[in-house]
Amino acid sequence: MEEIRKEIIELTKKYAKNKIKKEFIPGKTVIPFAGRVFDEGEYINLVEASLDGWLTTGRFAEKFEYEFAKFFGVKSVTLVNSGSSANLLALSALTSKKLGERRIKPGDEVITVAAGFPTTVNPIIQNGAIPVFIDVDIPTYNIKAEEIESAITEKTKAIMIAHTLGNPFNLYEVMRVAKKYNLWVIEDICDAVGSTFNGKLVGTFGDIATVSFYPAHHITMGEGGAILTNNLQLERLVKSFRDWGRDCYCEPGFSNTCGMRFKQQHGTLPFGYDHKYVYSHIGYNLKLTDMQAAVGVAQLKKLPEFIEKRKRNFRLLKEGLKKYEEYLILPEPTPKSDPSWFGFPITVKDNDKFSRWDIVTYLEENKIMTRMLFGGNLTRQPAYEDVKYKIHKELINTDIIMNNTFFIGVYPGITNEMINYIINTFEKFFENY
1145 MEEIRKEIIE
1155 LTKKYAKNKI
1165 KKEFIPGKTV
1175 IPFAGRVFDE
1185 GEYINLVEAS
1195 LDGWLTTGRF
1205 AEKFEYEFAK
1215 FFGVKSVTLV
1225 NSGSSANLLA
1235 LSALTSKKLG
1245 ERRIKPGDEV
1255 ITVAAGFPTT
1265 VNPIIQNGAI
1275 PVFIDVDIPT
1285 YNIKAEEIES
1295 AITEKTKAIM
1305 IAHTLGNPFN
1315 LYEVMRVAKK
1325 YNLWVIEDIC
1335 DAVGSTFNGK
1345 LVGTFGDIAT
1355 VSFYPAHHIT
1365 MGEGGAILTN
1375 NLQLERLVKS
1385 FRDWGRDCYC
1395 EPGFSNTCGM
1405 RFKQQHGTLP
1415 FGYDHKYVYS
1425 HIGYNLKLTD
1435 MQAAVGVAQL
1445 KKLPEFIEKR
1455 KRNFRLLKEG
1465 LKKYEEYLIL
1475 PEPTPKSDPS
1485 WFGFPITVKD
1495 NDKFSRWDIV
1505 TYLEENKIMT
1515 RMLFGGNLTR
1525 QPAYEDVKYK
1535 IHKELINTDI
1545 IMNNTFFIGV
1555 YPGITNEMIN
1565 YIINTFEKFF
1575 ENY
């Protein structure tokens, strides 16, 4: 059997090496805003995991969690099936009765922004809390941190925000306010793996951080996500909510880790009821498969290179588009930050010559993919028409982003040749103006 396995792996290597790489043809080959970058390593690991026949979380998941925790320098990484699930579990964990007075209850408030992706906000609503929206800054596209303190009420329990497109928000001010008012901080770093603030990796400042491994993100497993924390109580709560709400913390395939499996009293169950079937939370089943984790293990080896390529592509785009600042607001990193950029956001200044629609249409026609800055202003999305929320002051810049902002890609698969084509395409567009 071992010889057959080796033969399969060798054939996999051969397949991966000979997999046709598409030639870039300017104006014909689409330049994605994001995408996966694989070599033979991902294919080999995926086949290895398949041959193991272990379909749920297993050895590759364990290895990834260990290596990812090592990368961030945190105590705990918990893999889940998506970044959206990571956000749901992070917020849900903070509703546990085991947290006493600090737990988030229905009607409590969580500070966030409306200029972003919905699944950073949805868990707040899904757990019965009230999102409090604060406006963002342009050109960092992050929360106006100086307005957070004035938004706090006696009901405020947490701050849950993303580092927009990889650009860290002002962690100094966010953490200062959180510490002063004893608030939880959830950092959504789905777009910001490898970004730093004051020399420290984002995702290591707050109580919990969330990551996505969707193909568009810094590394991928196809789907997948993770939750980072240094708080081992929160780790256990996250795993409880992830694993059906169970009270038992045994890893899959193990029993009686605590040595008390049949020796405890839980609720009004009979004494000694099997701890493996005791549930302390209303949970979900959001685990990752080992085949997905296997892809992640191979991707993780490439992460430092991916981060540098993202930074390089961002820098080249900014240098090439700087001449158009009469019409375009180009992105700026938050002071004291070094972003691992997810995308290159551009805001079209109000003018009587062209609109966002004009430039986006031109880019798309020339095979350069664009994206809006996610939901624009979430409060104007149909899904939120009947949702209870609060707006602190006004969302002026959020509306500007909704109307005038888009982004293009910087992912590692974009080559220098593609960057030059993108810049030349902008040049041709502006020749008309």
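Residue 1145 is where the sequence shown starts when you use the numbering used here, and the numbers rise one by one after that.
Think of the CB as a built atom: it goes at the ideal place given N, C-alpha and C, for glycine as much as any other residue.
C-alpha distance - residue i paired with residue j, whole-angstrom precision
i: Ala1213; j: Lys1219; result: 6 Å
i: Gly1260; j: Leu1413; result: 44 Å
i: Thr1239; j: Pro1267; result: 11 Å
i: Asp1252; j: Val1265; result: 14 Å
i: Pro1168; j: Val1382; result: Contrary to the premise, residue 1168 reads as Phe rather than Pro in this sequence. Taking the straight line from one Cα to the other gives about 44 Å.
i: Thr1559; j: Asp1351; result: 37 Å
i: Lys1537; j: Ile1274; result: 16 Å
i: Cys1392; j: Gly1366; result: 29 Å
i: Asn1576; j: Lys1497; result: 9 Å
i: Met1435; j: Ile1371; result: 19 Å
i: Ala1193; j: Val1439; result: 9 Å
i: Lys1241; j: Lys1288; result: 32 Å
i: Pro1396; j: Ile1535; result: 44 Å
i: Glu1290; j: Arg1149; result: 59 Å
i: Leu1465; j: Tyr1325; result: 42 Å
i: Gly1580; j: Ile1545; result: Only positions 1145 to 1577 of the chain appear in the structure, and residue 1580 is not among them; the question remains open.
i: Lys1493; j: Ile1282; result: 11 Å
i: Met1513; j: Ser1339; result: 24 Å
i: Lys1157; j: Glu1184; result: 6 Å
i: Val1318; j: Glu1509; result: 41 Å
i: Lys1323; j: Ser1481; result: 21 Å
i: Phe1357; j: Leu1233; result: 16 Å
i: Glu1452; j: Tyr1423; result: 44 Å
Beta-carbon spacing of residue i, residue j below 8 Å
i: Leu1539; j: Phe1277; result: yes
i: Asn1271; j: Leu1243; result: no
i: Lys1172; j: Lys1572; result: no
i: Thr1491; j: Thr1549; result: yes
i: Tyr1285; j: Pro1489; result: yes
i: Thr1542; j: Asp1279; result: yes
i: Thr1354; j: Leu1327; result: no
i: Asn1570; j: Tyr1468; result: Note on residue identity: the sequence assigns Phe, not Asn, to residue 1570. The answer is yes: Cβ separation under 8 Å.
i: Thr1201; j: Leu1432; result: yes
i: Phe1177; j: Arg1454; result: no
i: Asn1225; j: Gly1368; result: yes
i: Arg1386; j: Thr1222; result: yes
i: Ala1256; j: Ile1292; result: First, the residue type needs correcting, since residue 1256 is Thr and not Ala in the sequence shown. For Thr1256 and Ile1292, no; Cβs fall outside 8 Å.
i: Phe1450; j: Val1181; result: yes
i: His1361; j: Leu1447; result: no
i: Ile1152; j: Leu1195; result: yes
i: Ala1302; j: Ile1269; result: no
i: Trp1485; j: Val1554; result: yes
Exposure of residue i, with buried meaning 16 or more beta-carbon neighbours within 10 Å
i: Thr1364; result: buried
i: Pro1483; result: buried
i: Cys1584; result: Not covered by the structure: residue 1584. The range shown for the chain is 1145 to 1577.
i: Gly1227; result: buried
i: Phe1406; result: exposed
i: Gly1416; result: exposed
i: Thr1297; result: exposed
i: Leu1597; result: Not covered by the structure: residue 1597. The range shown for the chain is 1145 to 1577.
i: Val1321; result: buried
i: Arg1653; result: Because the chain spans 1145 through 1577 in this model, residue 1653 falls outside it and cannot be assessed.
i: Ser1294; result: exposed
i: Gly1487; result: buried
i: Tyr1565; result: buried
i: Thr1505; result: exposed
i: Leu1155; result: exposed
i: Pro1250; result: exposed
i: Tyr1187; result: buried
Those residues which DSSP pairs with residue i across a bridge
i: Met1304; result: Ile1330
i: Asp1387; result: Asn1429
i: Arg1515; result: Phe1551
i: Ile1352; result: Ile1330
i: Asp1482; result: Thr1340
i: Leu1199; result: DSSP output for Leu1199 lists no bridge partner at all.
i: Glu1253; result: Ile1274, Thr1300
i: Gly1368; result: Ser1226
i: Gly1487; result: Gly1553
i: Lys1534; result: Val1276
i: Ile1473; result: Thr1491
i: Leu1345; result: Thr1340
i: Ile1566; result: Answer is none; Ile1566 lacks a bridge partner.
i: Val1221; result: Leu1372
i: Tyr1423; result: Arg1390
Self-check item: Sufficient close CB pairs (3 or more, under 8 Å) joining the stretch 1343-1357 to the stretch 1188-1205
Solution: No, the stretch 1343-1357 is not in contact with the stretch 1188-1205.
Quiz prompt | At least 3 beta-carbon pairs within less than 8 Å: the stretch 1496-1504 vs the stretch 1300-1320 | solution = Short answer: they don't touch.
Quiz item: Within the chosen definition, does the stretch 1410-1425 reach the stretch 1150-1162 through at least 3 CB pairs nearer than 8 Å?
Solution: Of all C-beta pairs linking the stretch 1410-1425 to the stretch 1150-1162, fewer than three are shorter than 8 Å, placing the two stretches out of contact.
Quiz item: Hey, is the stretch 1514-1531 in contact with the stretch 1421-1431, meaning 3+ C-beta pairs nearer than 8 Å?
Solution: Segments in contact, no.
Quiz item: Does the count of Cβ pairs from the stretch 1375-1390 and the stretch 1457-1466 closer than 8 Å reach three?
Solution: Verdict: no, contact absent.
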